[in-house]
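Going from the sequence shown to our numbering is simple: count from 1 and add 256. C-beta atoms are modelled at their ideal positions from N, C-alpha and C, and glycine is treated no differently. The structure presented is a predicted model; accordingly, all values stated were derived computationally and were not measured. Okay, structure first, notes after.
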Amino acid sequence: MHQSAYRISRAQNPHDIARLLKMLNAVYRPRAMPSQGMALEFPHLFDVRNAHNLFFAEADGNPISMVGVYPQKVIIQGAELPVASIGCVCTTPDYENQGIATSILNAVFDNLSRQQIPLALISGERGLYQRLGAVAIGSLRQVTAPADLLRNLGGHLQGLGTLIVTEASPSQRAEWASSLIPFYWEKSTRFRRSTAHMKTLLQALWFVREGYDQRLFALSVEGRPVGYVVAYRSNRHPDQVAVMEWAGSLPLVLGGLFPILDLFHSETLMINLPAADPWLDSLLTALGILGREVAVQGTVRVLNKEALVTALDPLIQERHQNAIAFNQAFIMSSSKNGHQELSSQEILSRIFGQTAEDVGIPFPWTDDLNYI
Ligand SMILES: CC(C)(COP(=O)(O)OP(=O)(O)OC[C@H]1O[C@@H](n2cnc3c(N)ncnc32)[C@H](O)[C@@H]1OP(=O)(O)O)[C@@H](O)C(=O)NCCC(=O)NCCS
Numbered sequence: 257m258h259q260s261a262y263r264i265s266r267a268q269n270p271h272d273i274a275r276l277l278k279m280l281n282a283v284y285r286p287r288a289m290p291s292q293g294m295a296l297e298f299p300h301l302f303d304v305r306n307a308h309n310l311f312f313a314e315a316d317g318n319p320i321s322m323v324g325v326y327p328q329k330v331i332i333q334g335a336e337l338p339v340a341s342i343g344c345v346c347t348t349p350d351y352e353n354q355g356i357a358t359s360i361l362n363a364v365f366d367n368l369s370r371q372q373i374p375l376a377l378i379s380g381e382r383g384l385y386q387r388l389g390a391v392a393i394g395s396l397r398q399v400t401a402p403a404d405l406l407r408n409l410g411g412h413l414q415g416l417g418t419l420i421v422t423e424a425s426p427s428q429r430a431e432w433a434s435s436l437i438p439f440y441w442e443k444s445t446r447f448r449r450s451t452a453h454m455k456t457l458l459q460a461l462w463f464v465r466e467g468y469d470q471r472l473f474a475l476s477v478e479g480r481p482v483g484y485v486v487a488y489r490s491n492r493h494p495d496q497v498a499v500m501e502w503a504g505s506l507p508l509v510l511g512g513l514f515p516i517l518d519l520f521h522s523e524t525l526m527i528n529l530p531a532a533d534p535w536l537d538s539l540l541t542a543l544g545i546l547g548r549e550v551a552v553q554g555t556v557r558v559l560n561k562e563a564l565v566t567a568l569d570p571l572i573q574e575r576h577q578n579a580i581a582f583n584q585a586f587i588m589s590s591s592k593n594g595h596q597e598l599s600s601q602e603i604l605s606r607i608f609g610q611t612a613e614d615v616g617i618p619f620p621w622t623d624d625l626n627y628i
């Protein structure tokens, strides 16, 4: 193990990005060429326009640790919340356990907090993040069903029209972005995403990850698009298909799952569905499909409490009459009005928690195509 001095800086140019990718691929994708692997999977993060958001530590002229930051905007029922997605955290093996990733993360959090970014969405749950105040927030219903149950599900949904599932060929996938993105925009809780961004995402992530077979399926009824499903299978679990993102009418998406599983020739399919939806509850119960409540992928760290409450103020005000004992002043000037200040964790669970005591604002899913 080396115990060297290091300095933390931010990437500035394509040369810096290439050096970081070389280090990152060696850790995460050891078999990939430097220009492949992480560069292709996360093109927005490693775009030269995002270079200044790649923070790294350097010793003896070489990068030894990094933290990737990608600023995004989350839309929650119409309110826009700036967030910093954080991923590609890595330290080269010779320098691990010396607190280097911890000090880069602290520098990143300070920087983002000064920029008034309310939240960091961190890809990962490890102790490293939790020790720095990151917590799991939000839940979803994860359903894993075998082919025969999905076939029955399709049968229950007959009468909605003849659903056609079209698999997009890899060369034409990006061209589907403009006709499919309106279904993503309809989601009440999502990330801000342009058509150009969607085009790039359809050529990134597991679509280009070695050992993964990820595909895009467009759904249509009577020739009109009604939604889409992005699903993948990993070589390690060839019997199971997992849905990474879906959008559009839920009954029609559910009706499309059996044909999609059939196209993969796999046995079971896993999909994330809303945690609380009475229609879905009764449908799944009738079919004997058991879902389980799981936490949304990753952890969340408050960066700037005031900016968080300000961004969500319209939603907090609207719900305040029904959600007890929550107001902006309580958090923003708690020391002045004699109240005890809430910790970051308490604020997150008061805002996004779903008990009667909480404001109950839904938290976006981070496992979809925006996964950093
Ligand atoms: C995870 C990873 C980024 C950690 O990097 P690191 O520079 O070793 O991180 P740190 O030294 O700051 O912290 C590592 C551990 O040492 C502890 N530590 C912190 N400061 C320390 C210090 N001065 N001395 C000794 N240990 C320290 C931390 O609490 C942390 O504990 P944890 O393992 O329970 O989380 C690195 O091991 C790695 O690249 N792993 C492979 C890729 C990966 O899994 N990335 C994360 C994806 S979520």
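Comparing alpha carbon positions, the residue from Val509, Ala261, Ser434, Asn362 closest to Asp316 is Ala261. Taking all protein chains in view, the Cβ of Leu419 is crowded by 16 or more other Cβ atoms within 10 Å, so the residue is classified as buried. Residue ranges of uninterrupted beta strand (DSSP E) with 3 or more members, entirely inside the region 333-418 and ordered along the chain, are 335-347, 375-378, 395-402. Setting aside the 5 residues that flank it on each side, Phe302 is surrounded in the same chain by Ile273, Ala295, each with a C-beta closer than 6 Å to its C-beta; the list follows chain order.
Judged by DSSP secondary structure, Leu564 falls within the alpha helix (DSSP H) whose first and last residues are 561-567. Residue side-chain check: Glu336 keeps its Cβ at 7 Å or more from all non-hydrogen atoms of ligand 1.
The beta carbon of Thr622 sits closer than 6 Å to the beta carbons of Leu377, Val552, Gln553, Gly554 from its chain, once the five residues preceding and following it are set aside; these are given in chain order. Nearest neighbour of Pro620 by Cα position, chosen from Pro426, Thr524, Gly394, Asp569, turns out to be Gly394.
By the Cβ-count criterion, Leu571 is buried, with 16 or more other Cβ atoms from all chains shown falling within 10 Å of its own Cβ.
Under the DSSP assignment, Trp502 falls in the beta strand (DSSP E) whose first and last residues are 496-504. Rounded to whole angstroms, the separation of the alpha carbons of Gly380 and Met289 is 25 Å. Leaving aside the five residues that flank Ser444 on each side, the residues in its chain whose CB is nearer than 6 Å to its CB run, in chain order, Gln333. Taking one beta carbon from each stretch, the region 359-373 and the region 489-496 have fewer than 3 pairs nearer than 8 Å; the two do not touch.
The three-state secondary structure of Gly483, taken from DSSP, is strand. According to the DSSP assignment, Thr451 belongs to the alpha helix (DSSP H) that extends over 451-457. Secondary structure of Ala474 (DSSP, three-state): strand.
In the three-state scheme derived from DSSP, where H, G and I count as helix and E and B as strand, Ala551 is classed as strand. Classified as exposed, Trp441 has fewer than 16 neighbouring CB atoms from the shown chains inside 10 Å of its CB. For Ile356, the shortest separation between its Cβ and any heavy atom of ligand 1 lies below 7 Å. The C-beta distance from Leu525 to Glu423 rounds to 15 Å, too long to fall under 8 Å, and the pair is not in contact.
Relative to the Cα of Ile545, the nearest Cα in the group Leu276, Leu510, Leu559, Val556 belongs to Leu510.
Asn528: member of the beta strand (DSSP E) spanning 524-529, first to last residue.
Pairing Leu375 with Val565 gives a Cβ-Cβ distance that is not under 8 Å. Secondary structure note for Ala295: its alpha helix (DSSP H) is the uninterrupted segment 294-297. In the three-state reduction of the DSSP assignment, Phe619 falls in the coil class, being assigned neither a helical nor a strand state.
The region 528-537 and the region 454-471 do not touch, with fewer than 3 CB-CB distances between them shorter than 8 Å. Per the coordinates, the alpha-carbon of Ile617 lies some 31 Å from the alpha-carbon of Phe473. The straight-line gap separating the alpha-carbon atoms of Ala487 and Trp502 is approximately 9 Å.
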